[in-house]
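Engineer: Chains as they are written, first to last, in my numbering: chain X, 1 to 178; chain A, 179 to 356. Structure below; questions to follow.
There are 2 protein chains.
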Amino acid sequence: MRLTPIMERYVLHWGEMGARWGVNRSVAQIHALLYLSPKPLTAEEIADTLALARSNVSTSLRELQGWGLVTLTHALGDRRDHFEAKTDLWEMLLTIVEERKRREVDPTLTMLRQCVLDAGEDKETDPEIKARIERMLTFVETLSNWYVQMRTLQKSTLVSLMKMGSKVAKVLKLTRAA
Amino acid sequence: MRLTPIMERYVLHWGEMGARWGVNRSVAQIHALLYLSPKPLTAEEIADTLALARSNVSTSLRELQGWGLVTLTHALGDRRDHFEAKTDLWEMLLTIVEERKRREVDPTLTMLRQCVLDAGEDKETDPEIKARIERMLTFVETLSNWYVQMRTLQKSTLVSLMKMGSKVAKVLKLTRAA
DNA sequence: TAGTGATTTCTGTTTAAACAGAACTTTCAG
DNA sequence: CTGAAAGTTCTGTTTAAACAGAAATCACTA
């Protein structure tokens, strides 16, 4: 697969954005390429297209599979692995959010809870500081619980809610001022 | 200011999390420390507490001010700058989201729009690929528009909506299945 | 079961970011 | 106007991640 200028711009930008959000540039570029590709690609095709080392592509594909964003397929009469990305963008977003919650938010909650627990028998930490940690715990818990609730909804329901935007508040008569 | 074990755990974890989300470790640590601190701190106090070079602290504080997360204050009869972090967590979150939208989402929208525009007179890019870029544009626009709408709501309204969780859908009779 | 194609793992190199320390600039007090 | 304190900028070093290429493993076919 050869990159046209448009594809190249897309892939490079995605790599750059990935980097800003803590995702390896190669990983993000490969993901972008697979998202664009109408058909599954082999590791070698990817390496050639993006001018990356074969080994680098292998590792990155493994990571993308770990995220659940890329799956492996096979073509009849072809021993090679072919890779394709989820193309449903809503699915893609939910997958990423779910995974980041698992990897980053949940451990943070654990850490905060432990801090609050230990704060009980701790004499040296300023009470105001303890209070701030507790506030942070409550805050992260609120966000996390909200997400867990939203996750139970149908995709179509979520889309409807999102399209309603701020009207949601009006309909529910939650708006105080304008 | 001396770090107690609890504070140290909190600050180190925050630094680690920052790194995973594309924020410099020192920047995240300093932000965590200022969030915890009941009173504003000078750059030197921060450097001593976190064992960072004075220059590093200076740069990081600049960055945090750029994000709008930290402000500069002065004490009477003291020439030194004192720094304090926003402590309202809701404010903090909105500030971060707003800033990331400005720095990352908006440029991405620009890139996607340009791709779609250029796709018009482009013969070499597969129509399916063009379609996928357009779908991505629509998707990011939907998310962005939703955010812009929610941003107009009062903080209290947002909190109420969030606390309602999935009940929102039920009340609006949007749920199809369970 | 030998041999080839495909993939992964290992190891060393490259690269970019993070950081420290020094030099420099600014600000204010006396 | 001078000197000291505070803050910033510059430059070189360190460190960690990203990456390439080689070696090793695995998987299948003939």
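Cβ atoms here follow ideal geometry from the backbone N, Cα and C, with glycine treated the same way. All figures in this text were calculated on a predicted structure; none of them were measured in a lab.
Around the C-beta of X:T157, are 16 or more other C-beta atoms found within 10 angstroms, so that it is buried, or is it exposed?
Structural biologist: What you label residue 157 of chain X is simply residue 157 of the first sequence in a count that begins at 1. That one is buried.
Engineer: Kindly say whether A:G136, judged by its beta-carbon, lies nearer than 7 Å to any beta-carbon of chain X.
Structural biologist: The first residue shown for chain A is 179 and the last is 356, placing residue 136 of chain A beyond what the model contains.
Engineer: DSSP beta-bridge partners for X:E84?
Structural biologist: One-based indexing of the first sequence puts residue 84 of chain X at position 84. X:E84 pairs with X:T71.
Engineer: Which two residues bound the contiguous alpha helix (DSSP H) that contains X:L36?
Structural biologist: Reading the first sequence from its first residue, position 36 is the one you call residue 36 of chain X. It spans R25 to L36 - the alpha helix (DSSP H) in which X:L36 sits, taken as one unbroken run.
Engineer: Measure the alpha-carbon distance for A:V235 versus A:Q207 and round it to whole angstroms.
Structural biologist: Walking along the second sequence from the start, residue 235 of chain A turns up at place 57. Walking along the second sequence from the start, residue 207 of chain A turns up at place 29. Distance between the alpha carbons of A:V235 and A:Q207 is about 10 Å.
Engineer: In terms of residue numbering, what span does the alpha helix (DSSP H) encompassing X:R2 cover?
Structural biologist: Residue numbering aside, residue 2 of chain X sits at position 2 when the first sequence is read from its first letter. From DSSP, X:R2 is part of no alpha helix (DSSP H); its letter is neither H nor E.
Engineer: If I'm right that A:M270 touches A:L242 with Cβ under 8 Å, what's the distance once you round it to whole angstroms?
Structural biologist: Your numbering for residue 270 of chain A matches position 92 in the second sequence. Your numbering for residue 242 of chain A matches position 64 in the second sequence. Actually they are not in contact, since the Cβ atoms of A:M270 and A:L242 sit about 11 Å apart, beyond 8 Å.
Engineer: Work out the CA separation of X:V171 and A:A356 for me, nearest whole Å.
Structural biologist: Here the question's residue 356 of chain A lines up with position 178 in the second sequence. Here the question's residue 171 of chain X lines up with position 171 in the first sequence. With a pLDDT of 43 at A:A356, under the threshold of 50, the modelled position of that residue is not reliable, and no figure is offered here.
Engineer: Determine, using beta-carbon pairs with one atom in the stretch 339-346 of chain A and one in the stretch 148-157 of chain X, whether at least three such pairs fall under 8 Å.
Structural biologist: Segments in contact, yes.
Engineer: Find the residues of chain X that neighbour A:Y263, judging by a C-beta separation of less than 7 Å, and give them in chain order.
Structural biologist: Residue numbering aside, residue 263 of chain A sits at position 85 when the second sequence is read from its first letter. The sequence given here has Ala at residue 263 of chain A, not Tyr. By Cβ distance, chain X contributes nothing, its closest Cβ being about 10 Å from A:A263, past 7 Å.
Engineer: Is DSSP giving A:S236 helix, strand or coil here?
Structural biologist: Counting from 1 along the second sequence, the entry for residue 236 of chain A is found at position 58. In this structure, A:S236 counts as helix in the three-state DSSP scheme.
Engineer: What residues of chain X sit near A:T251, judged by a beta carbon separation below 8 Å?
Structural biologist: Stepping through the second sequence from its first residue, residue 251 of chain A is reached at position 73. In chain order: nothing, as chain X lies at least about 17 Å away.
Engineer: On a Cα-Cα basis, can you pick out the residue from X:T125, X:W14, X:G120 and X:D126 that is closest to X:Y35?
Structural biologist: Here residue 35 of chain X is taken as the residue at index 35 of the first sequence, counted from 1. Per the Cα distances, X:W14.
Engineer: Please name the residue or residues paired with A:T227 in a DSSP beta bridge.
Structural biologist: In the second sequence, residue 227 of chain A corresponds to position 49, counting from 1. None, per the DSSP bridge assignment.
Engineer: To which residues does DSSP link X:T42 through a beta bridge?
Structural biologist: Within the first sequence, numbered from 1, the residue matching residue 42 of chain X stands at position 42. According to DSSP, which records beta bridges pairwise, X:T42 is partnered with X:H82.
Engineer: Roughly how many whole angstroms lie between the Cα atoms of X:L137 and A:T227?
Structural biologist: To locate residue 137 of chain X, count along the first sequence from 1; it is residue 137. To locate residue 227 of chain A, count along the second sequence from 1; it is residue 49. Spanning the two alpha carbons is a distance of roughly 24 Å.
Engineer: Let's test the definition: count the other Cβ atoms within 10 Å of the Cβ of X:L61 and tell me whether it reaches 16, buried, or not, exposed.
Structural biologist: Along the first sequence, read from residue 1 onward, the residue named residue 61 of chain X stands at position 61. Looking at its Cβ environment, which holds 16 or more other Cβ atoms inside 10 Å, X:L61 is buried.
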